[in-house]
Structure formats: structure tokens, C-alpha cells
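Residue numbers (the numbering used here): 80 to 526.
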Amino acid sequence: MNPARAKSRVRIGAMLLLGASVLTPVRAAAQDAAGDVEALQRKVAEQDARIAELERTVRGLAAANQAPATRGEAFAATYRAPVVASPASPAAAPPFPAQGVRPATEPSRLSVSGDLRLRQEFNWSDKDARDRSRTVMRARLGARYALDRNVTVGARLVTGDPDDPNTADVTVGDFVDDLTVSLDRAYVEARFGDLLLTGGKFALPLRGTELVWDGDFNPEGLGASVSAPLGSRGLKAEATALYSIVSEAAGGHGSDMLGGQVTLGGRLSPFWSASLTAGYYDYHLSALAGADAGDFRSNLRARDGSYLSDFDLLDVIAIARFDGFGVDWPVSATAETVHNFGAATGADTGYFAQLSAGSTAQAGGLRMSYGYMQAEADAVFAAFSHDNIGLATSYRLHQIALDYALRANTQLNLILYHYRPLASDPASPGAARDWLDRLRLNAVFAF
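In C-alpha cells form, the structure reads like this:
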């Protein structure tokens with residue numbers, strides 16, 4: 080072999096060996112890097128899939144698990160029910176992640192809320208009694224726990240007399256005795272889309288004003304509510320049924336109420352919204368063993384102590400709202416009439432009308448209202464109607480209110496009641512008909 084050719088082959092072989100020794104680790108490193116990138120890409124894809132699944136779940140549950148507001152405050156974004164004394168809207172059930180997916184922080188199934196109200200009250204103008212002022216307080220603490228996506232349980236503690244279903248107030252000054260606390264709600268809710276079923280002792284699911292229903296009244300029994308859109312113009316229909324046990328009897332028929340309500344409403348134009356609500360409530364009052372003077376109040380009674388009248392109430396409420404002055408100054412008008420078809424006398428009708436302007440939804444908000452209310456002796460079932468004045472029925476009442484939102488969770492309220500008994504009151508013919516005045520100053524702290 081030619082020595083020059085042999086040397087050339089040796090040089091080439093040496094260069095090939097050197098190149099192989101250099102490229103081998105580079106290729107290995109490149110292969111390892113490619114494998115790492117593929118692994119990272121797979122992990123990112125898996126995380127993206129999990130995030131997408133969680134977002135779909137949360138969006139679905141936000142709509143499905145939203146609990147209805149008491150008196151229908153959430154019937155539509157621009158629609159409001161009549162104002163009542165106690166906004167008791169339950170918190171929405173927290174959403175749940177999809178099965179098999181564990182987010183870094185799971186939403187809490189438990190929600191807690193409450194409020195404290197301090198009040199100073201002044202009473203005057205009664206020629207037959209001394210002027211009086213008193214300090215009153217009320218505290219409420221509620222909790223809700225979501226068992227799963229559909230079922231929620233809840234309970235609430237309140238101050239006040241447990242034998243009085245329409246107030247949680249406590250008058251301060253009984254030698255600094257401790258406050259009485261009781262359970263005014265204990266319930267279970269099951270939501271399936273637009274259908275809500277409730278059982279136990281729960282917030283009143285019906286729309287209404289305090290002419291018929293006191294803001295602190297919580298029925299015991301079963302409730303069902305369902306809502307659905309009407310066409311494509313933003314109108315909605317809502318139907319609610321309620322069965323409430325009034326008094327249980329160990330032997331014989333007890334007392335109860337079966338009622339229902341239908342509401343049609345929604346936005347009619349960019350600035351106008353309206354609603355019409357009709358409800359019928361049929362009471363069967365066979366057993367009254369648990370009733371006392373605070374339950375009968377001023378309803379007419381027979382010689383044996385039972386109710387003189389039956390109570391079959393038709394309650395109709397119309398509301399119109401104008402938003403043309405801006406979000407902070409909506410103007411609302413409410414008109415209501417209630418008629419008792421079971422009344423034994425002609426004292427069977429009640430009325431309510433209110434005009435309000437403003438909103439306290441945001442800090443610094445102001446709301447003003449004027450209302451007129453009148454109820455004849457057996458127009459309403461007095462045990463469950465308002466206790467804002469000393470007369471449960473057989474009265475005419477003017478009320479002026481001013482509300483100011485000091486902060487998002489703190490409101491100040493002034494309300495003046497100017498009232499007197501009806502001249503036609505069959506329960507107390509010839510009684511004094513003085514105009515009476517009651518002024519309340521409230522500070523409410525919510526959390």
C-alpha cells in the first residue's frame with residue numbers, strides 16, 4: 080500500500096473518531112432536551128384541559144346554584160319587588176369542581192352572614208298615654224352549607240321572643256338581663272335548574288309588602304318556586320307555592336295555610352320595567368291551642384275565643400320602575416290591594432301605595448319614600464302581618480322614610496309613622512281616634 084495513502088486513511092479515521100466522540104454527547108443532549116419539551120407540552124395540555132373543565136363547571140353552577148332572593152329581589156337585573164323590612168336573601172351555594180379535578184383552592188361550601196340593628200324609638204301624640212322613648216336592638220346570625228351541587232342546608236339564630244313570629248327586636252333596659260336567642264330558620268333547599276324546593280322553617284318565598292307579611296315572618300312547611308322566560312323581549316314568569324303549618328293538633332285537624340302566587344314582569348323599554356303579582360292564601364284554622372293574644376292581635380273573635388272570620392286572601396301587587404334618572408336614582412311606584420273573601424263582616428279589605436326614589440346599593444346612596452297603608456279588621460291574618468305600629472289591623476297609616484348608605488355594609492334609616500284607628504273599627508266602637516306618631520332611628524351593620 081502506498082505509504083501516503085495509508086497516512087491519509089489514518090488521518091481520516093482519526094478525524095471520524097474525533098467527530099463521533101464530539102457529536103455523540105451533543106445528539107444525546109438534544110434527544111434529552113426534546114424529551115423534556117414533549118413532557119412539558121403534555122403537562123401544559125393537561126393543565127389547559129383541567130382549567131377549561133373547571134371554567135365550564137363554574138359557569139354552569141353559577142347559574143344553576145344561585146339561590147333566589149327573598150321577595151324576588153333577583154327576579155331580573157332591572158326588576159325589584161316591593162321593599163320589605165327584612166332583606167333575607169340567602170347566599171348562593173358555592174360551586175363545586177368537576178369530579179376527579181382538584182383545584183389548588185376549593186371553594187368553601189360554608190357561607191356565614193348576619194346583621195346587627197340598633198334603634199331608638201320615640202312615641203307621642205297619644206292623649207290617653209304618656210310620651211315614650213325606648214332603645215331596641217336586634218341581632219341575626221345565619222349559615223348555609225352546600226352538601227353538593229343541588230342541596231343546601233341552613234339555619235339562623237336571632238334575638239327576640241321565640242313566641243312572637245313577626246319580630247326579633249329586644250327592648251333594652253330589663254336590668255341588663257342577657258338576651259334571649261332562638262332559632263328562627265332551619266331548612267334544606269334543593270335546586271334543579273329554575274326549580275327550587277324548600278322544606279323546614281325558612282325565609283318567606285313570596286313577593287309582598289308588610290301589609291300582608293311581616294319582614295321577620297318565616298313559615299314552617301314546604302315551598303316551591305319556578306321561573307321561566309316569556310318570549311324574547313326580556314319578560315319572565317315566576318310561580319311560587321307555599322304550604323305552612325300554623326298549629327299542629329295531636330287529636331283532630333290542625334291549622335295550616337296553602338297558597339300560591341304568580342308574577343309576570345320584566346323590562347318594557349330602556350328606562351321602564353314593571354310587574355304584576357297575584358297571590359291567593361287559604362287558611363284552615365281548626366286548632367288554636369298554641370295561639371295567644373300576640374297571635375290573635377286585632378282580628379275579630381267569636382264568643383268562644385276562636386276567629387270570627389275565615390281567611391281566604393287575594394293579594395294583588397303592581398309595580399312600575401323608571402331608571403331614566405341614572406342608576407343611583409331609580410323611581411318606583413307600588414300599589415297593592417288585599418281582600419279577604421272569608422270575612423264575616425264588611426271589614427275585609429286593605430290597601431298599600433308607595434312612591435320611592437333613590438338607591439342604597441352603593442356607599443353614599445340615598446333613598447326616600449312615602450307610603451300609605453290601610454287595613455280593616457279582618458283584611459289580613461294579623462298574626463303574620465307587620466308590627467311597625469301599635470295596631471295590627473283597623474288602622475290608616477302614613478309613613479315617610481329616609482335611608483342612607485354610610486358604607487357598603489352600614490345603613491342609617493329614619494322612618495316616621497303617622498297613624499290612627501279606623502273610625503269604622505267594629506272591634507272597638509267609640510274608641511279614641513287620636514292621630515299617633517312613632518319615629519324610628521335605625522343603624523344597621525351587616526356582614
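Think of the CB as a built atom: it goes at the ideal place given N, C-alpha and C, for glycine as much as any other residue.
Exercise. Skipping 5 residues on each side, what residues in its chain have a beta carbon closer than 6 Å to that of Trp-531?
Worked result: Not covered by the structure: residue 531. The range shown for the chain is 80 to 526.
Problem set entry | Whole-angstrom C-beta distance between Pro-409 and Ser-448, which should lie under 8 Å | The beta-carbon distance between Ser-448 and Pro-409, rounded to whole angstroms, is 12 Å. This is too long to meet the 8 Å contact definition.
Exercise. Taking the runs of the beta strand (DSSP E) that are 3 residues or longer, which of them lie wholly in the segment 239 to 278?
Worked result: With a minimum length of 3 residues, the continuous beta strand (DSSP E) runs that stay inside the segment 239 to 278 are 260 to 271.
For this session: Kindly indicate which three-state DSSP category Phe-460 falls into: helix, strand or coil?
Result: Three-state result, Phe-460: coil.
Exercise. Mind checking Ala-61: buried by the 16 CB within 10 Å criterion, or exposed?
Worked result: Not covered by the structure: residue 61. The range shown for the chain is 80 to 526.
Problem set entry | Short Cβ contact (7 Å threshold) for Gly-344 with Ser-354 | Yes, Cβ-Cβ distance for Gly-344 and Ser-354 is below 7 Å.
Exercise. Does the Cβ-Cβ distance between Ala-265 and Lys-280 come in under 7 Å?
Worked result: Contact flag set, yes.
Exercise. CA-CA distance, Ala-222 and Val-230?
Worked result: Rounded to the nearest angstrom, the two C-alpha atoms are 14 Å apart.
For this session: Check whether the Cβ atoms of Phe-201 and Phe-463 sit closer than 7 Å, and answer yes or no.
Result: At a Cβ-Cβ threshold of 7 Å, Phe-201 and Phe-463 do not count as neighbours.
Exercise. How many Å lie between Ile-479 and His-497 at the Cα?
Worked result: Cα to Cα, the separation comes out at about 9 Å.
Exercise. Mind checking whether Ala-247 and Ser-377 have CB atoms under 7 Å apart?
Worked result: Against a cut-off of 7 Å, the Cβ pair of Ser-377 and Ala-247 comes out as no contact.
Exercise. So, helix, strand or coil for Phe-375, using DSSP?
Worked result: If DSSP states are grouped into helix, strand and coil, Phe-375 belongs with the helices.
For this session: Provide the residue(s) that pair with His-418 in DSSP beta bridges, ordered along the chain.
Result: Bridge partners of His-418: Leu-393, Thr-428.
Exercise. For Gln-441, does the count of other Cβ atoms within 10 angstroms reach 16, so buried, or fall short, so exposed?
Worked result: The residue in question, Gln-441, is exposed, as its Cβ has fewer than 16 Cβ neighbours within 10 Å.
Problem set entry | Given 8 Å, three or more beta-carbon pairs between the segment 448 to 457 and the segment 303 to 318 | No, they do not touch.
For this session: Express the C-alpha separation of Leu-226 and Pro-186 in angstroms, rounding to a whole number.
Result: Using only the alpha carbons, I get a separation of about 13 Å.
Problem set entry | Close-in-space but distant-in-sequence residues of the same chain around Leu-495 (CB under 6 Å, 5 per side omitted) | Contacts found: Ile-479, Leu-518.
Exercise. Excluding sequence positions up to five away, which residues of its chain have a Cβ less than 7 Å from the Cβ of Gly-278?
Worked result: The answer, listed in chain order, is Tyr-266, Val-267, Leu-301.
For this session: Please specify which runs of the beta strand (DSSP E), each continuous and at least 3 residues long, are wholly inside the segment 461 to 526, giving them in chain order.
Result: The segment 461 to 526 contains these whole beta strand (DSSP E) runs: 474 to 486, 489 to 500, 515 to 525.
Exercise. Which residue comes first and which comes last in the beta strand (DSSP E) that contains Gln-199?
Worked result: Element bounds for Gln-199: 189 to 203.
For this session: State yes or no: is the C-beta of Val-237 within less than 7 Å of the C-beta of Asp-263?
Result: Yes, Cβ-Cβ distance for Val-237 and Asp-263 is below 7 Å.
Problem set entry | Cβ neighbours of Gly-151 in the same chain (closer than 7 Å, five flanking residues each side left out) | At Gly-151, the pLDDT of 38 sits below 50, so the modelled position is not reliable; the number obtained from the coordinates is stated separately. Closer than 7 Å at the Cβ level, and outside the excluded window around Gly-151, lie Ala-160, Arg-286, Glu-317, Thr-342.
Exercise. Can you name, in chain order, every residue of its own chain whose Cβ lies under 6 Å from the Cβ of Leu-195, other than the five neighbours on each side?
Worked result: Cβ neighbours of Leu-195 beyond the five flanking positions: Ala-218, Phe-524.
Problem set entry | the segment 419 to 432 touching the segment 254 to 261, judged by at least three CB pairs closer than 8 Å | Because the criterion of three Cβ pairs below 8 Å is not met, the segment 419 to 432 and the segment 254 to 261 do not touch.
Problem set entry | Proximity of Arg-306 and Asp-273 at Cβ, strictly below 7 Å | Looking at the sequence itself, residue 306 is Ser, so the reference to Arg does not match. A contact, by the Cβ cut-off of 7 Å.
Exercise. Residues bridged to Glu-327 by DSSP?
Worked result: DSSP lists no beta-bridge partner residue for Glu-327.
Problem set entry | Rounded straight-line distance, which links the Cα of Tyr-362 to that of Val-325 | Cα-Cα distance, rounded: 9 Å.
For this session: Inspect the beta-carbon positions of Leu-337 and Ser-304 and report whether they are closer than 7 Å.
Result: Contact: no.
For this session: From the DSSP output, in three-state form, read off Leu-355 for me.
Result: When DSSP states are grouped into helix, strand and coil, Leu-355 belongs to the strand group.
For this session: Compare the Cα-Cα distances from Asp-482 to each of Gly-444, Trp-514, Gly-469 and report the closest residue.
Result: When only C-alpha atoms are compared, the closest one is Gly-444.
Problem set entry | Coil, strand or helix - Ala-234 by DSSP | Here Ala-234 sits in strand by DSSP.
Problem set entry | His-465 to Val-255 span [Cα, whole Å] | Their Cα atoms are separated by approximately 28 Å.
Problem set entry | Beta-carbon separation (whole angstroms), Arg-198 vs Met-216, contact threshold 8 Å | The beta-carbon separation of Arg-198 and Met-216, rounded to 7 Å, stays under the 8 Å limit for a contact.
Exercise. Does the Cβ of Thr-356 have 16 or more other Cβ atoms within 10 Å, making it buried, or fewer, making it exposed?
Worked result: With 16 or more other Cβ atoms within 10 Å, it is buried.
Problem set entry | Assigned secondary structure, Ala-441 (DSSP; H/G/I helix, E/B strand, else coil) | In the sequence on display, residue 441 carries Gln and not Ala. In this structure, DSSP gives Gln-441 a state outside helix and strand, which the three-state scheme calls coil.
Problem set entry | Sheet register partners of Asp-227 (DSSP bridge) | In DSSP, Asp-227 forms no bridge with anything.
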